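Here's the structure, in structure tokens; my notes come after.
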Amino acid sequence: MVPIRNGRGAARSKRKLRDNKLTRSMKRIRADMVKINEGQERIRAGQKEVREKFEEISKETAKLKEETNTISKQSAANQVRLDLMFQIVKARSENDAPKDAALTQILRALINGEAEPELKQAPRGEARTRLIINHSCARTI
28 MVPIRNGRGA ARSKRKLRDN KLTRSMKRIR ADMVKINEGQ ERIRAGQKEV
78 REKFEEISKE TAKLKEETNT ISKQSAANQV RLDLMFQIVK ARSENDAPKD
128 AALTQILRAL INGEAEPELK QAPRGEARTR LIINHSCART I
């Protein structure tokens, strides 16, 4: 016959089983926590990488905007010069010497950097040009 275990021995055995079960559960939870922490670290690293790329793209965008504005201003200044040249040719073909001389003087001032065009957009899209010469007198063409 098998002796019946009751009393302290049985209680100790149940407690040991419960403790073993609890220990296994804690080990499993700790292992899961390690995996979760590793996943969080990968996420943080990925977020940092994305943030750095976004900042790099933002800087590149700003640089491209600046270059685009510079090109646009240069194009507008070239258009002003061309308009003046065509007006000079027209004045010469009409034998209008005073207008020719004035436009030639304005073109020279513009090319030498003594004048700068002030470009404004007209309602229908064409550019109105205003030249500022020596910052004292202004002419509208």
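Number 88 in our numbering belongs to position 61 of the sequence shown; there are no gaps in the numbering.
Idealized CB from N, CA, C, for every residue including glycine.
These numbers come from a predicted model, not from an experiment.
Rounded to the nearest whole angstrom, the C-alpha separation of residue 60 and residue 93 is 49 Å.
Residue 143 and residue 102 have their C-alpha atoms spaced approximately 14 Å apart.
Burial is judged here by how many other beta carbons sit within 10 angstroms of a residue's own beta carbon; residue 115 has at least 16 and is buried. Spanning the alpha carbons of residue 46 and residue 35 requires a straight line of approximately 16 Å. Inter-segment contact for the stretch 76-95 and the stretch 105-112 is absent: fewer than three beta-carbon pairs are separated by less than 8 Å. For residue 118, same chain residues with a beta-carbon under 7 Å away, outside a window of 5 residues either side, are 126, 127, 130 in chain order.
Per DSSP, the continuous alpha helix (DSSP H) segment holding residue 105 begins and ends at 35-120.
With 16 or more neighbouring CB atoms inside 10 Å of its own CB, residue 134 falls in the buried class. Under the three-state reduction of DSSP output, residue 127 falls in the helix class.
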